[in-house]
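S.K.: Quick one: the structure is below, questions incoming.
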Amino acid sequence: MFENNVTRRGFVTGAAAVAGLAGLSTIAPGLASAAPETNDQHRESEFTPEVGALAMMTFQKIDGTPVYYWRSNRGNTTARNWQATDAFYNALVAWIRDLRSLSSSYGSISYIVSAGFYVNKAGQHGAGTAMDLDHVRWSGGNTISPLDQAHASGTASVRKRYLATEAVCRRRFRYVLDGWYNADHADHIHADFGGMPVRAVKDSESDTKFVQAVCNNFRASGLAIDGIWGPATTSAFNGLKSALGVTGDPHTSSSVWQGMLSKIATKGFANQNI
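Residues -34 to -1, 1 to 240 in mature numbering (1 follows the signal peptide of the UniProt record, and there is no 0) are what the sequence shown spells out, letter by letter.
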């Protein structure tokens, strides 16, 4: 695997096959059509897998970057064991490499903070295919803290950085739920494998709210962030695409959408309007 502190848990029949970094649009049957989760607050007691759970691996770092837990002790840097499937861990590696590359002007990523990956409950967390992102710190001193409701910050650069971080999540994970999505996600960004492959889906509330928030915060579009893809959102999105020089259809093409997300992230980390 990618580092020496990764260990495996037991396998069961029918577990998802490992997806390589180049094939992350493929996901286990039965998860692809899963709806986004709304019950996304977890207790520490739920972090230990049940006997006979899906194939899980244990990790303390993602591709060398420490992952801490602050919900019970803010600022804690004690190493912690997390669980996820092999395929989801591979996606996490691809995600953090994207984040390092797109935010390279901030320095290296010192650590991230999570509220959970595998959690002993139904849904994507219970399948070991979800992440809740609380905080990121870079070596240059910059941070982004969904835990502190950064999406609602009074500082425009912080909101742009939040959306940049979310855009990077959306490159690798289909369902990404943020502080605009609902109150349960005001203090973290949830990312999971449901509904793969990634693309901008007009009838997805989470996708639409993200697009509306991007248009408002980077282009002062004045949209209602209501999750409804109507004519005003279409017009604003087309303007965003044009300003970013995006060709192709991000609604049907994963590669076009991923490229557009990279451009949004680059602008956000640089605190630039579009």
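We treat Cβ as the ideally placed atom computed from N, Cα and C, and that holds for glycine.
Within the region 19 to 89, note down every full alpha helix (DSSP H) run reaching 4 residues or more, in order along the chain.
M.R.: Entirely contained in the region 19 to 89, the alpha helix (DSSP H) runs reaching 4 residues are, in chain order, 52 to 68.
S.K.: Under the three-state reduction of DSSP, which class applies to residue 243: helix, strand or coil?
M.R.: The chain is shown only over -34 to 240; residue 243 falls outside these bounds and no answer can be derived.
S.K.: Is it true that the CB of Leu68 sits closer than 7 Å to the CB of Val134?
M.R.: Yes, they are a contact pair.
S.K.: DSSP has Val222 in a bridge; who is on the other side?
M.R.: Answer is none; Val222 lacks a bridge partner.
S.K.: Which of the three DSSP states, helix, strand or coil, is assigned to Thr131?
M.R.: Helix, per DSSP.
S.K.: Among Asp100, Gly160, Cys181, which has the Cα closest to the Cα of Ser80?
M.R.: For the residues Asp100, Gly160, Cys181, the minimum Cα distance to Ser80 belongs to Asp100.
S.K.: Counting along the chain, where does the beta strand (DSSP E) carrying Ala96 start and finish?
M.R.: Per DSSP, Ala96 belongs to the beta strand (DSSP E) from 96 to 104.
S.K.: Less than 8 Å between the CB atoms is what I'm expecting for Arg137 and Gly234, so what's the real figure, rounded?
M.R.: Incorrect: roughly 13 Å between the Cβ atoms, too far for contact.
S.K.: Over the uninterrupted alpha helix (DSSP H) stretch that includes Ala209, give me the two end residues.
M.R.: From DSSP, the alpha helix (DSSP H) with Ala209 extends over 197 to 210.
S.K.: Does Ser111 pass the burial test, meaning 16 or more other C-beta atoms within 10 Å, or should it be called exposed?
M.R.: The residue is buried, with at least 16 neighbouring Cβ atoms inside 10 Å.
S.K.: Going along the chain, which residues of its own chain have a beta-carbon closer than 6 Å to the beta-carbon of Ala157, five neighbours each way excluded?
M.R.: Taken in chain order, the residues that qualify are Met97, Cys135, Phe139, Val142.
S.K.: For a test of the three-state rule: what should DSSP assign to Tyr147, helix, strand or coil?
M.R.: Residue state, collapsed to three classes: coil.
S.K.: Using CA coordinates, which residue listed in Asn56, Ile78, Tyr35 is at the minimum distance from Val44?
M.R.: First, the residue type needs correcting, since residue 44 is Thr and not Val in the sequence shown. Nearest option by C-alpha distance: Tyr35.
S.K.: Taking just the CA atoms, how far does Asp144 sit from Ser172?
M.R.: Going by the C-alpha atoms only, they are around 8 Å apart.
S.K.: Excluding the 5 residues flanking Val222 on each side, which residues of the same chain have their C-beta closer than 8 Å to its C-beta?
M.R.: Here the set comprises Val212, Thr213, Gly214, Asp215, Pro216.
S.K.: Quick one: grab the DSSP three-state call for Phe213.
M.R.: Note on identity: in this sequence residue 213 is Thr, with Phe being the wrong assignment. Thr213 falls in the coil class under three-state DSSP.
S.K.: Please check the pair Asp64 and Met23, which I expect to be a contact at CB under 8 Å, by giving their CB distance rounded to whole angstroms.
M.R.: Contact flag wrong, Cβ pair sits at about 21 Å.
S.K.: Which class does Ile194 belong to by DSSP, given the choice of helix, strand or coil?
M.R.: Coil, per DSSP.
S.K.: Please classify Asn204: is it buried, with 16 or more other beta-carbons within 10 angstroms of its beta-carbon, or exposed?
M.R.: Counting Cβ neighbours within 10 Å, Asn204 comes out exposed, since fewer than 16 surround it.
S.K.: Would you grab the beta carbon distance between Val59 and Ile78 for me? Rounded to a whole angstrom, and I think it's under 8 Å.
M.R.: Not a contact, Cβ separation roughly 13 Å.
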